[in-house]
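Enquirer: Have a look at this one before I ask anything.
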Amino acid sequence: QEKSCRLSAALLGEDCEISHDQLYELLKYAALGKCHNAAQPSWCHIYHQSHLAGVVVVVLHEMSQLHFYRFYLQFKHLRKVFQHRFTLTPSANFLTSLYGEGTNLKPQSTAQGLTSSSSECITKSLDLQCDPIIRRYGEKKQGLTSYTLTLEEQKKNDYPIKGSPGCKDYISTECDQQRTDSSPLFGLDCEMCLTTKGNEVTRVSLVDAQGQCLLNELVKPESTVMNYRTRFSGVTKKMLLPVKTRLSDIQTRLKKMLPHDAVLVGHSLNSDLQALEMIHPSVIDTSLLFARNEGRRFKLKFLAKAVLGKEIQCEQKVGHDPTEDARAALELAQFFIQQGPAKVVAELNLEMLLTAEKLAEVSQNKAALQPQGCRVQKQPNEPPHLSKPCFLDCLQVTGQKPLLLGRQGLDSSGLCQSNLSTSNKQILQRALERVPLSTFSIIQFSLGPEYIASHLHAALYEKVRSKLTDMLTIYAGPFEEGFCVKSMKKEFGRCGPIQSLTVVTETFQPYVCIQYEVLEAAQLAVESLNGAQVSGSCIKVQRPVTTAMLDCDVLIKELELDVENEGVIYVAGLKKSLTETDLQEEFSQLKDLETLFLPKDLQSGKHRNCCFLKFRKSQSAVDALETINGWTVKGRELRSRNALASGHLWRWIWQMNHSNGKQGEHIFYEKMEQLSDSEQHLRKKVKKLDHHIKKLYRSLQNNTLCVVLFPGVN
C-alpha cells in the first residue's frame with residue numbers, strides 16, 4: 005500500500021514568520037531527501053519523503069500578502085486548500101536568495117555531464133564561443149560605451165525610462181551629452197527601507213572613478229516606515245531620527261555633482277534608480293555585465309571576492325556599506341573594460357568554479373547541504389564559496405530535470421526557460437502538460453507590470469489597513485449619563501485585548517468606540533454583548549457602517565472556514581499574569597490539544613489576556629468550545645469562539661495596527677479613483693489566477709508538495 009506523504013508544521017501567531025533559509029531547507033529536503041544527505045527541516049517535518057511524487061513551486065509575481073488579504077474572497081481555492089501560511093522575511097532579491105546564485109541550470113533540456121565525475125567536469129575545456137559573455141560582447145577589448153545598457157535593455161530590466169507610465173514624476177539627471185569611451189564613471193549604491201509607499205531610500209553613496217567617496221548621506225523617508233531592513237541596510241530608526249535630508253535634496257545634489265556625460269555604475273542599478281526616482285540615460289549594470297545563461301546573475305559579494313579578491317558585506321558588520329558596494333561595482337566594471345571579455349571568461353572561469361564547487365559539495369560534502377551557517381572551514385588557497393549551495397544544481401547532478409515556466413524578464417534572477425509563454429493561460433497549459441513529467445517544477449504567473457506602481461500599492465495598503473481597522477472596531481451604547489467607564493471597559497475587556505477606547509459624546513446619549521487588537525475579540529463583543537446589560541444600560545453593539553464593511557459578515561464566515569483556522573479556537577478573559585506553562589496545565593484535560601499560542605505585544609513582549617488553542621481534530625475543537633465557555637480559571641470567567649486570525653493574519657494585523665498608516669493620507673485619497681478602476685481589473689485577474697492554481701493543483705499526482713510564493717512588488 006502506498007504511503008501518504010504529509011507535512012507537519014503546527015505554528016500559530018508570531019511563529020508564522022519564516023526566513024528564506026527555512027523555506028530553502030524545506031524545498032531542499034523535499035527535492036533531494038536523505039539519499040543525497042539533505043536533512044529534515046528544523047521547523048517542520050515531512051513524513052515519507054521517499055514517496056514524494058514531486059515538488060511544485062508556483063510564483064505569483066507582483067503579488068504580496070497585501071494582495072492576498074485585499075482579495076481574500078477572490079482567492080477562494082487558495083485559502084481553502086493550502087493549510088500552512090507563512091510570512092517570508094524581506095529579501096533584496098527574492099528568487100535568487102532562495103534558489104542560489106549563478107545557477108548552472110538548462111531548463112527543458114538534458115544537462116550535460118550528469119553521469120560524469122567531478123574531475124571530468126572540472127577538466128573539460130571551456131568553449132569560449134558558447135559563453136554568454138562572449139556571445140554578448142565578443143572576444144575583443146572595447147571601450148566603456150560598448151558595455152552601457154541600450155534603451156531596450158533598460159526597459160527589459162525595469163530601469164526608469166523617460167516617458168514611461170510609472171516614471172511620470174521622476175527627476176532626470178539631465179546628463180544628456182553624447183557618451184565617449186573617455187566619459188567619467190561613477191559608482192552608485194543605495195540602501196532602502198520598506199514603507200507604506202514601497203521601497204524608499206535611507207542612505208545614498210556615490211564614488212568617482214578613483215574610488216573617492218563624493219556622497220554618503222542618510223535620507224529620511226517620506227512615508228511611514230514598516231521595516232528598516234537593518235540586517236541589510238545597517239540603518240536603524242535611531243539613526244534616522246535627527247536626519248533632515250529628504251529625497252528631493254539628494255536628487256538636487258546628484259544633478260549638480262554628475263557631469264553631462266557621466267556613466268553610472270552599480271549592481272542591479274535599476275533598484276537604486278527606482279528608489280531614487282531618477283532617470284539616467286547611460287548605465288553599466290555589473291549584475292548584467294557578468295550574467296550567465298538565461299540571465300542568471302552573481303551576487304556582488306561573490307564577484308568582489310572572485311574577481312577583485314575583496315571581502316565585502318562581511319557577516320561581522322550590521323548591514324551593507326553602500327560606499328563599499330558602490331566602489332566594488334565600479335572596480336568590477338573597470339576590470340571588465342580593461343581586461344576585455346575573453347580574459348574575464350578564460351582566466352576567471354566563474355561558472356566552472358561554481359559548478360566544480362557544487363558538484364564536490366553534492367558528492368563529498370555532507371555539511372554543505374545543511375542549513376546556512378553549518379560550513380566547512382575553507383582552506384587558504386581554495387576558490388571563494390557561495391553563500392549556500394543551490395539544490396537546483398544538485399537536482400541536475402542527480403539526473404533530475406527541473407522545469408521552469410514563466411514570462412521572460414519576470415524577475416532579475418533569470419529563472420525563465422527558453423520556450424517562453426506570453427500569457428498566464430499559456431503558462432498554465434504548458435504546466436498541465438509538463439509538470440507530470442518533472443520531479444521539481446517552478447511555475448511563474450504574473451499580474452503584469454501595470455500593477456506595480458508605488459502609488460497604487462500604497463493606496464491598496466491603505467484600503468486593507470482601513471478595512472481591518474473597521475473590523476477590529478465596535479460601537480456600543482447608548483449608556484446613561486455619568487456611566488462608569490471603568491466597569492464598562494472591564495466587561496468589554498473580557499472579550500480580548502483593547503487597543504483604544506473613546507467615549508462618543510456627540511450623540512444624544514453617550515456611546516463608546518472600542519478598537520480591539522484581535523478580530524476574534526471584536527466579533528465576540530458583537531455576539532455576546534449585543535442586547536446585554538452593561539453599566540446599567542441595555543446596549544447595542546455593532547461595527548462601523550461603511551461601504552467597505554458591507555461584506556463583513558461574509559468575510560467573517562469565510563475566515564472561520566479558512567483551512568488555516570481548522571481545529572483552532574480563541575479563548576479570552578485570561579489573567580495576564582498566567583504563563584504558557586500555567587495554561588498548558590489548565591487546559592491539559594482537553595482532548596487532542598496540539599498547540600497553545602499566547603499572544604504578546606511584539607514590542608514590549610507582554611502577554612495579552614487571550615490565547616489560541618489548536619486541536620488535532622476539528623470535533624475536539626467543537627467539544628472544547630462547549631467546555632470552555634463559562635469555565636472559570638483563577639477566578640476569571642472565560643469566553644471563547646472559533647478562531648478567525650490565529651496564524652499568519654494575527655501577526656499581520658498587529659503590524660497594521662502599529663504602522664501609523666495615516667501619514668501621507670492625502671496621497672492615498674488622491675489616487676483612490678485611479679485605484680478603483682485598477683482594482684476592478686485586478687479583482688478579475690486574481691479570480692483567474694486562483695482558477696489557474698485550482699486547475700494546476702487538481703492535475704498534480706498524490707503526494708506532491710505544492711508551495712505558492714507571493715514575492716511582492718518590492
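Take the sequence shown: its letters are residues 5 to 718, numbered as in this note's numbering.
The C-beta atom is built at its ideal place from N, Cα and C for all residues, glycine as well.
(1) How close, in whole Å, do the beta carbons of I573 and L617 come, if the pair is a contact with beta carbons under 8 Å?
(2) Extract the residue ranges of the alpha helix (DSSP H) inside the segment 24-61, only unbroken runs of 4 or more that lie entirely within it.
(3) Could you tell me the alpha carbon to alpha carbon distance between F601 and E584, rounded to whole angstroms?
(4) Quick test of your reading: S539 and C488, contact by CB under 8 Å. State the CB separation rounded to the nearest angstrom.
(5) Give me, in chain order, the residues of the same chain whose beta-carbon lies closer than 8 Å to that of F714; leave out the 5 immediate sequence neighbours on both sides.
(6) Find out if the Cβ-Cβ distance for the pair R331, G191 is shorter than 7 Å.
(7) Exposed or buried, H461, counting other C-beta atoms within 10 Å across all chains shown (16 or more means buried)?
(8) Check whether the segment 577-597 touches the segment 511-526, taking contact to mean three or more Cβ pairs, one atom from each stretch, closer than 8 Å.
(9) For A266 versus P326, is the C-beta distance shorter than 7 Å?
(10) Beta-carbon within less than 8 Å of M196's beta-carbon, same chain only, minus the 5 sequence neighbours each way: which residues are those?
(11) Which of helix, strand or coil does DSSP assign to Y465?
(12) Where do the ends of the alpha helix (DSSP H) carrying E531 lie?
(13) Taking just the CA atoms, how far does Q607 sit from T91?
(14) Where does H81 fall in DSSP's three states?
(15) Helix or strand or just coil, what does DSSP make of L11?
(16) Would you check if the distance between the CB atom of L56 and the CB atom of N707 is smaller than 7 Å?
(17) What would DSSP say about Q588, mapped onto helix, strand or coil?
(18) Here's the rule: buried if 16 or more other CB atoms are within 10 angstroms of the residue's CB, otherwise exposed. What is L648?
(19) If you draw a straight line from the alpha carbon of M660 to that of K490, how long is it in whole angstroms?
(20) Quickly, what does DSSP pair M282 with across the bridge? List them, please.
(21) For P345, which residues of its own chain have a beta-carbon under 7 Å away from its beta-carbon, when the five flanking residues on both sides are left out?
(22) I need the straight-line Cα distance from S442 to K405, nearest angstrom please.
(23) State the Cα-Cα distance for the pair V522 and S703, rounded to the nearest angstrom.
(24) What do you reckon, are the CB atoms on Y515 and G481 nearer than 7 Å?
(25) Pick helix, strand or coil for K580, following the three-state DSSP scheme.
(26) Please classify S272: does DSSP put it in a helix, a strand, or coil?
(27) Work out the CA separation of L304 and V247 for me, nearest whole Å.
(28) Using only CA atoms, which one of L582, V626, G634 lies nearest to E570?
(29) State the Cα-Cα distance for the pair S291 and H271, rounded to the nearest angstrom.
(30) Please go through the same chain and pick out, in chain order, the residues whose beta-carbon is closer than 7 Å to the beta-carbon of R640, but skip the five residues on each side of it.
(31) Considering just the uninterrupted stretch of the beta strand (DSSP E) at D193, what are its terminal residues?
(32) Could you spell out where the beta strand (DSSP E) holding N220 opens and where it closes?
(33) If you scan the segment 134-164 from start to end, which runs of the alpha helix (DSSP H) of 4 or more residues do you find wholly inside it?
(34) Among F306, R645, D596, T631, which residue has its Cα nearest to the Cα of K1?
(35) For the structure I just gave you, are there three or more beta carbon pairs, one from the segment 542-552 and one from the segment 462-482, closer than 8 Å?
(36) Quick check: Q255 and M282, are their CB atoms within less than 7 Å of each other?
Expert: This is what the structure holds:
(1) Counting from 1 along the sequence shown, the entry for residue 573 is found at position 569. Counting from 1 along the sequence shown, the entry for residue 617 is found at position 613. Contact flag correct, Cβ pair sits at about 5 Å.
(2) 24-36
(3) Translated into positions along the sequence shown, residue 601 becomes position 597. Translated into positions along the sequence shown, residue 584 becomes position 580. Answer to the nearest angstrom: the Cα atoms are 8 Å apart.
(4) The residue you call residue 539 lines up with position 535 of the sequence shown. The residue you call residue 488 lines up with position 484 of the sequence shown. About 5 Å; that satisfies the 8 Å criterion.
(5) On the sequence shown, position 710 is the one that residue 714 refers to. Once the five neighbours on either side are set aside, the close Cβ partners of F714 are L64, M67, S68, Q69, H71, F72.
(6) Start at 1 with the first residue of the sequence shown, and residue 331 comes out as number 327. Start at 1 with the first residue of the sequence shown, and residue 191 comes out as number 187. Contact flag set, yes.
(7) On the sequence shown, residue 461 is found 457 positions in, with the first residue counted as 1. So H461 ends up on the buried side.
(8) no
(9) Translated into positions along the sequence shown, residue 266 becomes position 262. Translated into positions along the sequence shown, residue 326 becomes position 322. The answer is no: Cβ separation not under 7 Å.
(10) Start at 1 with the first residue of the sequence shown, and residue 196 comes out as number 192. Only N203, E204, V205, T206, R233, S237, S275, A279 meet the Cβ criterion.
(11) Here residue 465 refers to the residue found at position 461 when the sequence shown is read from its first residue. Reduced to three states, the DSSP call for Y465 is helix.
(12) Position 527 of the sequence shown, counted from the first residue, corresponds to residue 531. From DSSP, the alpha helix (DSSP H) with E531 extends over 523-533.
(13) Counted from its first residue, the sequence shown places residue 91 at position 87. Counted from its first residue, the sequence shown places residue 607 at position 603. Whole-angstrom Cα-Cα distance: 18 Å.
(14) Sequence index remark: in the sequence shown, residue 81 carries index 77 (1-based). Looking at H81 - three-state DSSP - the assignment turns out to be helix.
(15) Within the sequence shown, numbered from 1, the residue matching residue 11 stands at position 7. Looking at L11 - three-state DSSP - the assignment turns out to be strand.
(16) Reading the sequence shown from its first residue, position 52 is the one you call residue 56. Reading the sequence shown from its first residue, position 703 is the one you call residue 707. Closer than 7 Å, so yes.
(17) Within the sequence shown, numbered from 1, the residue matching residue 588 stands at position 584. If DSSP states are grouped into helix, strand and coil, Q588 belongs with the helices.
(18) Position 644 of the sequence shown, counted from the start, is the residue given in the question as residue 648. Answer is buried; the Cβ neighbour count reaches 16.
(19) Position 656 of the sequence shown, counted from the start, is the residue given in the question as residue 660. Position 486 of the sequence shown, counted from the start, is the residue given in the question as residue 490. C-alpha separation (whole angstroms): 27 Å.
(20) In the sequence shown, counting from the first residue as 1, residue 282 sits at position 278. BP columns for M282 point to I175.
(21) If you number the sequence shown from 1, residue 345 lands on position 341. Closer than 7 Å at the Cβ level, and outside the excluded window around P345, lie I137, I138, Y141, G142, E143.
(22) In the sequence shown, counting from the first residue as 1, residue 442 sits at position 438. In the sequence shown, counting from the first residue as 1, residue 405 sits at position 401. About 7 Å.
(23) Reading the sequence shown from its first residue, position 518 is the one you call residue 522. Reading the sequence shown from its first residue, position 699 is the one you call residue 703. One C-alpha to the other measures close to 38 Å.
(24) Start at 1 with the first residue of the sequence shown, and residue 515 comes out as number 511. Start at 1 with the first residue of the sequence shown, and residue 481 comes out as number 477. Contact: yes.
(25) Position 576 of the sequence shown, counted from the start, is the residue given in the question as residue 580. Of the three classes helix, strand and coil, the one that applies to K580 here is coil, per DSSP.
(26) Here the question's residue 272 lines up with position 268 in the sequence shown. DSSP places S272 in coil when its eight states are reduced to three.
(27) Here residue 247 refers to the residue found at position 243 when the sequence shown is read from its first residue. Here residue 304 refers to the residue found at position 300 when the sequence shown is read from its first residue. One C-alpha to the other measures close to 29 Å.
(28) Looking up residue 570 in the sequence shown gives position 566. Taking only the C-alpha atoms, the option nearest E570 is V626.
(29) For this step, residue 291 is matched to residue 287 along the sequence shown. For this step, residue 271 is matched to residue 267 along the sequence shown. Answer to the nearest angstrom: the Cα atoms are 5 Å apart.
(30) Indexing the sequence shown from 1 puts residue 640 at position 636. Around R640: G577, L578, K579.
(31) If you number the sequence shown from 1, residue 193 lands on position 189. Segment 189-199, the beta strand (DSSP E) holding D193.
(32) Counted from its first residue, the sequence shown places residue 220 at position 216. Its beta strand (DSSP E) spans residues 217-222.
(33) 136-141, 155-160
(34) It is not possible to answer for residue 1, since the shown part of the chain is limited to 5 through 718.
(35) yes
(36) The residue given as residue 255 occupies position 251 in the sequence shown. The residue given as residue 282 occupies position 278 in the sequence shown. Yes; because the gap between Cβ atoms is below 7 Å, this pair is in contact.
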